[in-house]
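Sequential numbering of the sequence shown, starting at 1112, is according to the numbering used here.
No residue lacks a Cβ here, since even glycine has one placed at the ideal position from N, Cα and C.
Okay, structure first, notes after.
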Amino acid sequence: MKIHVNSMPLTESTVVDSAIVERMGLFFSMHYFQDELILVNLLKNGGIPALNFYHAGDLSYHTEFLHYGRGPNEVIDVNPYYFDRQEDSFILNTNDYFLSDFRYDDGVVTKGQDTFIANTTINNLFITSSGHYICTPERRGEGKEFQIGEVGHSGDIRYFSDYPKTRIRYGNDPSDLATVCQATCVGSNTADRYMVLYTFLPLIRLFDLNGEEKSSIGIADYKQHAQSVDDIYNEDCTYFFDQPVVAGNHVFVLFLADDAPTGCQLLKFTWDGQLESRYSLPGGIRAYTVSDDQRYCYVLTMDSDDNDLLLKYRLR
């Protein structure tokens, strides 16, 4: 299946608010939860906690939580790209191998139970309602892209998905193929889908949560100009998809193929891979998220003085 991104009208998003981020952290991701923006800081030696909360309404600073360390209620590491939620709590992937539950109530954050996932390096993590995890294999097992295992058990791993075919040349090192086929992934238990969006390929693939491929969607308007994996290593390549975000029953993702100093695009997909909307956004986005009602997009970028800057865009 092919889709034509450029056939979808480009909606101009409108800035409705902005604020300088006073906290001097190394912010790699942002999540929306209960009308709060959670900025995840990865700078461990700067005294800034891992989680920094800002009001989604006026972008004002609210509270902070979770220092780095080895003491009570501290963490060694936080995966900035994994985020799940329940009615009154959210879940992060901490200390490499654990799911940590955090309860949020009227500006007060408390850390709850830790759940062991598996003794493996975890990327593109998704937890299914059946108690299984899906992620990228640490050792690219059996030449497959992904693995499924039971949460809390390191054995009984099943691998799925052959790497997509590509015209980009690569060597015998398995990491070269993994680089060419680098992807970011999100999942939905309600839709029974695991969506794979490729960084260097104009391609989206959809799997059910058992690992069966349901569809492969090519982007008809664009091609990768890189000829070999060396071009990718040298950043002489086209970037396509980055930072997928789940909001409501849709997936939003940055589309960079037309990226210029003046901006990029935000695409909105259904879990069946249908492109529903296309929005303009500025270039230089470090992190972003979308409100649950899909009315607003929140962008973390930098101003002309190299300050971290929060921007609030109206999408509709």
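Taking the alpha helix (DSSP H) that A1289 falls in, what are its first and last residues?
For the purposes of this step, residue 1289 is taken as the residue at position 178 of the sequence shown. Residues P1285 to V1291.
Beta-carbon proximity check, V1127 vs R1316, cutoff 7 Å
The residue you call residue 1127 lines up with position 16 of the sequence shown. The residue you call residue 1316 lines up with position 205 of the sequence shown. Annotated as distal: V1127 and R1316, with beta-carbon spacing of 7 Å or more.
Taking 8 Å as the limit between beta carbons, can you name the residues of its chain near S1171, skipping five residues before and five after?
Here residue 1171 corresponds to residue number 60 of the sequence shown, with the count starting at 1. Excluding sequence neighbours, S1171 sits near A1130 and Y1165.
Quick one: grab the DSSP three-state call for V1340.
On the sequence shown, position 229 is the one that residue 1340 refers to. Reduced to three states, the DSSP call for V1340 is helix.
I believe S1075 touches Q1405 by the beta-carbon criterion, under 8 Å. Please report the beta-carbon distance rounded to the nearest angstrom.
With the chain covering 1112 to 1427 only, the question about residue 1075 has no answer from this structure.
Can you list, in chain order, the residues of its chain with a C-beta nearer than 8 Å to that of G1252? Leave out the 5 residues immediately preceding and following it.
Position 141 of the sequence shown, counted from the start, is the residue given in the question as residue 1252. Reliability of the predicted coordinates at G1252 is poor, the pLDDT of 49 falling under 50, and the value obtained from them is presented with this limitation in mind. Same-chain partners within the cutoff: Q1258, I1268 and Y1270.
DSSP three-state assignment for S1240, whether helix, strand or coil:
As a first step, residue 1240 must be located in the sequence shown, where it is residue number 129. Note: S1240 maps to coil in three-state DSSP.
Starting from the N-terminal side, write out each stretch of the alpha helix (DSSP H) that is 4 residues or longer and does not extend beyond the segment 1148-1223.
Counting only runs of 4+ residues, no alpha helix (DSSP H) is found wholly inside the segment 1148-1223.
DSSP-derived helix/strand/coil call for G1394:
Here residue 1394 corresponds to residue number 283 of the sequence shown, with the count starting at 1. Correct three-state label for G1394: coil.
Measure from the alpha carbon of G1394 to the alpha carbon of each residue in V1410, D1169 and F1139, then state which is nearest.
Position 283 of the sequence shown, counting from 1, holds the residue named residue 1394. Closest by C-alpha distance to G1394, out of V1410, D1169 and F1139, is V1410.
Please work out which residues of its chain come closer than 8 Å, Cβ to Cβ, to E1185, disregarding the five sequence neighbours upstream and downstream, and give them in chain order.
Indexing the sequence shown from 1 puts residue 1185 at position 74. L1177, H1178 and Y1179.
Across which residues does DSSP place S1126 in a beta bridge pair?
Here residue 1126 is taken as the residue at index 15 of the sequence shown, counted from 1. Going by the sequence as given, residue 1126 is Val instead of Ser. DSSP lists Y1424 as partners of V1126.
Starting from C1348, follow the beta strand (DSSP E) in both directions and report where the run begins and ends.
Taking the sequence shown and counting its residues from 1, the one referred to as residue 1348 is at position 237. Here C1348 belongs to no beta strand (DSSP E), and DSSP marks it neither H nor E.
Considering only the alpha carbon of each residue, which of Y1208, L1236, T1239 and G1242 lies closest to N1230?
The residue you call residue 1230 lines up with position 119 of the sequence shown. When only C-alpha atoms are compared, the closest one is Y1208.
Who are the Cβ neighbours of S1124 in its own chain at under 7 Å, not counting the five residues just before and after it?
Residue mapping note: residue 1124 aligns to position 13 of the sequence shown, counting from 1. The residues are Y1390, S1391, L1392, C1408, Y1424, R1425 and L1426.
How close, in whole Å, do the beta carbons of P1275 and L1312 come, if the pair is a contact with beta carbons under 8 Å?
Working through the sequence shown from its first residue, we reach residue 1275 at position 164. Working through the sequence shown from its first residue, we reach residue 1312 at position 201. 6 Å between Cβ atoms; contact.
Length of the line joining the Cα atoms of E1324 and M1306:
Indexing the sequence shown from 1 puts residue 1324 at position 213. Indexing the sequence shown from 1 puts residue 1306 at position 195. Cα-Cα distance, rounded: 10 Å.
Report the three-state DSSP secondary structure of V1116 (helix, strand or coil).
Position 5 of the sequence shown, counting from 1, holds the residue named residue 1116. It is helical.
Would you mind reading off the limits of the beta strand (DSSP E) that contains R1304?
In the sequence shown, counting from the first residue as 1, residue 1304 sits at position 193. Run containing R1304: R1304 to Y1309, per the beta strand (DSSP E) assignment.
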